[in-house]
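Notes follow once the structure below has been shown.
2 protein chains.
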Amino acid sequence: MARVTQAVKAVVAGPACCPTGLNTPLERDTAEALAQLLKAVADPARLQLLALIKSSPGAEACVCDLTEPLGLSQPTVSHHLKVLTDAGILLRERRGIWSWFSIVPERLAELAAVIN
Amino acid sequence: MARVTQAVKAVVAGPACCPTGLNTPLERDTAEALAQLLKAVADPARLQLLALIKSSPGAEACVCDLTEPLGLSQPTVSHHLKVLTDAGILLRERRGIWSWFSIVPERLAELAAVIN
DNA sequence: GGCGTTCATTGACAGTCGTCTATACGTTGA
DNA sequence: TCAACGTATAGACGACTGTCAATGAACGCC
């Protein structure tokens, strides 16, 4: 994950100085790290999760609020949340029994910057 | 594909009036269309292709220029180009023997707008 | 017309991914 | 300490995806 973060930052900020986006050829390693991050978002269930969390009060939600709207089983939702968390897009915080998830906006902004 | 384009536009522009991005819950259909578009980009080879084309003179390139830098077979590169073209991200133009590909910037901008 | 070149398509195969059921884990309250 | 609840993990299975070798189709040139 740290490896991915670094690679994305490199693409956004440029190897040394100036922002590049996709304006410069991509090394295979960098491309793979970037693709891995994009794959985390490129799933309908995970997009729905992001939208649900982002539009929840306080921009956070617990699993119990997310399972039913998605129409998927609890383990499946948990799996998707893990993928997003591992990618650094979501933040997990335990409060007693519940796991609360919030979005890391900088991470999504990085992605958007790369694409453009 | 037209269906995908419409769904993405809906997410960018909002159901009726105002831009939403992911700030509003996503219908499954919309999420699937969006995911399909993201999947097209979420591949290392295709990211490299986009970067190569974008950084080529005139922001266009033919297959013969793309196969070697990627280190993949010609059919595989052709496959990836088809995926990007079908997603509306690339534009294909035949000139005699050669196929030239160029990027559709608005399409990438739409994607970036949705993510943010 | 025949041939070489460039690209697209087909078919096959291994690997990955999304989903589920079953089960384990951790926390809370009695 | 134990039971109940919310969540995470493991294992299995079908579907999709990326890749290649082989083949086909379109075009320009001799």
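Just so you know, the sequences run in chain order U and H.
Just so you know, the first sequence maps onto residues 1 to 116 in my numbering.
Just so you know, the second sequence maps onto residues 1001 to 1116 in my numbering.
Just so it is clear, CB atoms sit at the ideal spot from N, CA and C, and this is done for glycine as well.
Problem - Residues, ordered as in the chain, of the stretch 37-52 of chain U that lie near chain H by beta-carbon distance below 7 Å - result: 38, 39, 41, 42, 43, 44, 47, 48, 50, 51 and 52
Problem - Proximity winner among 1043/H, 1116/H and 1058/H, relative to residue 1119/H (alpha-carbon distances) - result: In the structure displayed, chain H extends from 1001 to 1116; residue 1119/H sits before or after that span and is not available.
Exercise for the section: Please check if any C-beta of chain U sits within less than 8 Å of the C-beta of residue 1035/H. Expected result: yes
Practice task
Could you check if residue 1030/H is buried or exposed, using at least 16 other CB atoms within 10 Å of its CB as the buried criterion?
Solution key: buried
Problem - Whole-number beta carbon distance between residue 84/U and residue 49/U, since they are thought to touch under 8 Å - result: 7 Å
Problem - residue 1033/H - containing beta strand (DSSP E), residue span - result: Looking at the DSSP string, residue 1033/H is not in any beta strand (DSSP E); the run it does join, the alpha helix (DSSP H), is 1028-1041.
Handout entry: Through-space distance from residue 40/U to residue 1054/H, alpha-carbon basis
Key = 24 Å
Exercise for the section: Measure the C-alpha to C-alpha separation of residue 32/U and residue 1093/H and round it to an integer number of angstroms. Expected result: 28 Å
Handout entry: Short-range partners of chain H found in the stretch 102-116 of chain U, where Cβ spacing is below 7 Å
Key = 108, 109, 111, 112, 115 and 116
Practice task
Go ahead and pull the three-state DSSP assignment for residue 91/U.
Solution key: strand
Practice task
Output, in sequence order along the chain, the residues in the stretch 1083-1103 of chain H whose CB is closer than 7 Å to any CB in chain U.
Solution key: none
Exercise for the section: Take residue 72/U as the anchor and find which of 95/U, 88/U and 46/U has the nearest alpha-carbon. Expected result: 46/U
Practice task
Go ahead and label residue 107/U buried or exposed: buried means 16 or more other beta carbons lie within 10 angstroms of its beta carbon, across all protein chains shown.
Solution key: Classification of residue 107/U: buried, given that the 10 Å Cβ count is 16 or more.
Exercise for the section: Starting from the Cα of residue 70/U, find the closest Cα among 1116/H, 1025/H and 1021/H and give me that residue. Expected result: 1025/H
Handout entry: Reference residue 52/U, options 1056/H, 1074/H, 1023/H and 1079/H, closest by Cα
Key = Comparing Cα-Cα distances from residue 52/U to each of 1056/H, 1074/H, 1023/H and 1079/H, the minimum goes to 1023/H.
Handout entry: C-alpha gap between residue 1111/H and residue 1078/H, whole angstroms
Key = 23 Å
Handout entry: Contact check, residue 87/U vs residue 37/U, beta carbons under 8 Å
Key = Taking 8 Å as the Cβ cut-off, residue 87/U and residue 37/U qualify as a contacting pair.
Practice task
With DSSP as the reference, label residue 1097/H as helix, strand or coil.
Solution key: Under the three-state reduction of DSSP output, residue 1097/H falls in the coil class, being neither helix nor strand.
Practice task
Counting only runs of 3+ residues fully inside the stretch 1041-1074 of chain H, write out the beta strand (DSSP E) ranges in chain order.
Solution key: Scanning the stretch 1041-1074 of chain H from its first residue to its last, the whole beta strand (DSSP E) runs of 3-plus residues come out as 1060-1062.
Exercise for the section: Can you give me the start and stop residues for the alpha helix (DSSP H) that residue 105/U sits inside? Expected result: 105-115
Problem - Distance CB(residue 115/U)-CB(residue 104/U) smaller than 8 Å - result: no
Practice task
Please list the partners that residue 997/H has in chain U, where partner means a Cβ-to-Cβ separation under 8 Å.
Solution key: A query on residue 997/H cannot be resolved here, the shown segment of chain H reaching from 1001 to 1116 and no further.
Handout entry: Inter-residue Cα distance where the pair is residue 82/U and residue 1027/H
Key = Residue 82/U and residue 1027/H have their C-alpha atoms spaced approximately 22 Å apart.
Handout entry: Alpha-carbon spacing of residue 1097/H relative to residue 21/U, whole angstroms
Key = 31 Å
Problem - Amino acids of chain U, ordered along the chain, whose beta-carbon sits closer than 9 Å to that of residue 1031/H - result: 43, 44, 45, 46, 47, 48 and 51
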